[in-house]
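In our numbering, the protein residues as written are 7 to 534.
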Amino acid sequence: MIHQTMNQSTEARVPRVRFAPSPTGYLHIGGLRTALYNELFARHHGGIFVLRIEDTDRTRYVEGAVENILRTLKWAGLTPDEGPFLAPDGSVQERGAYGPYVQSARTEKYRHYAEELLGKTEEASGQSYAYRCFCTPEEIESLKKDRASSDAAPLPGLVPHARNCRGLTGEESAALAAESPYVIRLRVPDRVGRVEFTDSIRGLVRFDYSSVDDQVLLKSDGFPTYHLANVVDDHEMEITQVIRGEEWLPSTPKHLLLYRALGWEPPAFAHLPLLLNPDRTKLSKRQGDVAVEDYRAQGYLPQAMINFVALLGWNPSGDREKYSKDELAREFRLEKVNKAGAVFNREKLDWLNGEYMKEMPDEELTEVVIPFLRIDGVLTEVDGGIKAADGSPVDREALRRSVALEKGRAKTLKDFAATTGYFFTSKVELSRDMIPWKKSTPEVAKERLYGLRDRLAGLSEKYFSDPKLLEAEIIPFVAERGWTNADTLWPFRVALSGRERSPSPFEIAWAIGKKRTLERVEAAISLL
RNA sequence: GGUCCCAUCGUCUAGCCCGGUCCAGGACGUCUCCCUCUCACGGAGAAAACUGGGGUUCGAAUCCCCAUGGGACUACCA
């Protein structure tokens, strides 16, 4: 009496996987990882990565969500081989031979199969694989309450309401259908038995028939539920390996039962461990950002996101932290995916993001930083030219240098807005008492700045082309005067930055140039 | 409650399938020291884990059982 579902070998076929998000808003970080694993699997095996939109719940549809998902996937560098994509003009189009790839455009198919099941008889029981249920949601709700409150062990097998409509004859059912709304439910066998399957990650998993509810397949509005649509589409799109979140594990027996009822060979299943909040519950909004676009807006690089999320639940070796997407694809093995959930920990993401920023060429980094500087008002764009917040022009080279200097201490692209502003203003804000080194006095600071000013003024522009040149010039000068680095360089640096913490004065001078360097030193002197 | 899944440092993990090389390795974070005008960077180092109990075995993080703990699911949502 055991129904065994074999995971047929699929070596003869091209592996096909899919990512199937619902357009209910934004792309969830967990969705990003699921999509990534699907793509990695496809690339590793030379297969096809399909994107499918599961929008069978009209009540949850959010305007623009499809575009948003597409945009975010693109940003992350994920590129489905088939399915909807964003055309250059911004419209959503499709590619691939298995379309449409949006479920709302496929409703006829689902209805067709649901009705087919109504009339199809299972040999073992002599009953149809599906039946019409006329119960209202309210009735079912109260039946459920009864079940929950009763001390008696739940009846083996069936959901309570099943007893109402399950026994209807074909004629009764058809007659009622003419006058009342109904749903079509899957008839789970009421004999003893179970569904078994070998999960690609977890191994053998089994469910007794008695623990599976008679799932609704077709809703009273004529739309399919996830379960039906998913099975129909995975079959029609010839998906060979399903890779999805662990939350789907409990409904897998329903899907397997459906494949059997329809007479189809099921794909292999792999259920990914969940991404967790710090308290180890399923990652959720409320405990942090879950939308990929939030991370994008906060200045995380797509490479860092991909790298980070890939290693949440899977690891190729254990002693390396940085991998490109190609390297990930080369190493990817579904069998090596962990079974336990993984806490999404932002510190490590910050670190990884910093690593990627540091290795990025300055020109490239500058390009991606600019939008963040504009958002935060550090820079504005006038007639295509970039200007500082106070209207002074900003040249590209100065911008590049400031980004190069600050990238060592930035965790995200957004951080540059907070650390980089003083490079571009014509006047630095500073107060008299922060100029002297903490163990020194304003008088000393003033003397040092005078000396520095005269010395700097005598240096040609060439010295400002490399912080090392400036340093090689100033350090000996400080020594020969009998000054200390501390009581000289601190005032110098503060004069240039207006900050307690910043890059070295030589670096700042290099970034802002001789003219501004002298202006700022002069301004500091006048405060003393 | 029921069903199912899971369990190595605070966190991500390597090792587990094919028991000994593991008084458990790496990374983030933390702490200390070095570098240093500051903050970072960088360098050196430290603290930090096999949930518990049985069993199998000469030997268990690794295999088995139980307990405990955690999680997911339990919709005409996905």
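Idealized CB from N, CA, C, for every residue including glycine.
Only a predicted model underlies this, so the values are computations on that prediction, with no experimental measurement involved.
Run through DSSP, which three-state label would T425 get? Helix at T425.
Using the C-alpha atoms, what's the distance from E337 back to A303? Each residue's alpha carbon lies about 30 Å from the other.
Assuming the contact rule is C-beta atoms closer than 8 Å, V527 and L458 should be a hit. Round their C-beta distance to whole Å, please. 6 Å
Of the residues G319, R352, K288, the one placed nearest A310, counting alpha carbons only: R352
Alpha carbons only, please: which of K126, F140, R406, E387 is nearest the one belonging to L397? Per the sequence shown, the amino acid found at residue 397 is Gly instead of Leu. If we check each option's Cα against that of G397, E387 comes out closest.
Under 8 Å between C-beta atoms of P27 and G37: yes
Is P273 near L262, with beta carbons less than 8 Å apart? 8 Å or more divides the Cβ of P273 from the Cβ of L262.
Assuming contact is defined by CB atoms lying nearer than 8 Å, are V375 and F430 in contact in what I supplied? no
Use the C-beta contact count for K260: other C-beta atoms within 10 angstroms, 16 or more gives buried, fewer gives exposed. Buried, because 16 or more other Cβ atoms sit within 10 Å of the Cβ of K260.
Straight-line Cα distance separating P308 from K420: 14 Å
Who are T386's beta bridge partners in DSSP? K393
Taking DSSP's pairing of strands, which residues face L282 in a bridge? K288, V349
Start-to-end residues for the alpha helix (DSSP H) that takes in L534: First-last for L534: undefined, no H or E at that position.
Where Q14 falls, given that 16 or more other Cβ within 10 Å makes a residue buried: Note that Q14 has pLDDT 46, beneath the 50 cutoff, so the model's placement of it is unreliable and no number is given.
Residues in its own chain within less than 8 Å of L475 by CB, not counting five upstream and five downstream? K468, Y469
Please list, in chain order, all residues of the same chain as D382 whose beta carbon is under 7 Å from its beta carbon, the five residues on each side excluded. A423
Scan the segment 189-251 and note each continuous alpha helix (DSSP H) run of 4 residues or more that stays entirely inside, going in chain order. 232-242
Quick one: Cα of L264 to Cα of Y67, how far? Distance between L264 and Y67, taken at the CA atoms: about 26 Å.
Under three-state DSSP, which class holds T11? Because the pLDDT at T11 is just 42, under 50, the model does not fix this residue reliably, and the point stays unresolved.
Could you tell me which of F229, A180, E129, L436 sits nearest to G119, measuring between CA atoms? Going by the sequence as given, residue 119 is Tyr instead of Gly. Checked all of F229, A180, E129, L436; the closest Cα to Y119 is F229.
For the putative contact between L33 and V400, defined by C-beta atoms under 8 Å, what is the C-beta separation to the nearest angstrom? No, L33 and V400 are not in contact; Cβ-Cβ is about 34 Å, not under 8 Å.
At which residues does the beta strand (DSSP E) containing G89 begin and terminate? Membership of G89 in the beta strand (DSSP E) is indicated by the continuous run 89-92.
With a cut-off of 8 Å, do at least 3 Cβ pairs link the segment 219-239 to the segment 60-80? Here the segment 219-239 makes contact with the segment 60-80; the two share three or more CB pairs at distances below 8 Å.
Strictly by DSSP, which residues pair up with C139? V189
Whole beta strand (DSSP E) runs in the segment 47-72 with 3 or more residues, listed along the chain? 54-57
Leaving out five residues before and five after I552 in sequence, what residues of the same chain have Cβ atoms less than 8 Å from its Cβ? Past the boundaries of the shown model lies residue 552; the chain is included only from 7 to 534, so the question cannot be answered.
State the Cα-Cα distance for the pair I531 and L289, rounded to the nearest angstrom. 54 Å
Between the alpha carbons of P284 and M363, how many angstroms are there, rounded? 26 Å
So, for R19: in the same chain, excluding its five sequence neighbours on each side, which residues have a beta-carbon less than 8 Å away from its beta-carbon? So the list reads E244, T246, once near-sequence residues are dropped.
Could you spell out where the beta strand (DSSP E) holding F338 opens and where it closes? For F338, there is no enclosing beta strand (DSSP E), as DSSP marks it with neither H nor E.
Would you decide whether E252 is buried or exposed? Buried here means 16 or more other CB atoms lie within 10 Å of its CB. buried
Under three-state DSSP, which class holds E100? strand
Distance, Cα to Cα, F314 vs R292? 21 Å
Hey, would you say L223 sits closer than 8 Å to L192, going by beta carbons? yes
DSSP state of A159, grouped into three classes? Confidence at A159 is low in this model, with a pLDDT of 43, below 50, so its placement is unreliable and the value that follows should be read with caution. Correct three-state label for A159: coil.
In this structure, how does DSSP classify F447 when only helix, strand and coil are distinguished? The question names Phe, yet the displayed sequence has Thr at residue 447. In the structure shown, T447 falls within a coil segment according to DSSP collapsed to helix, strand and coil.
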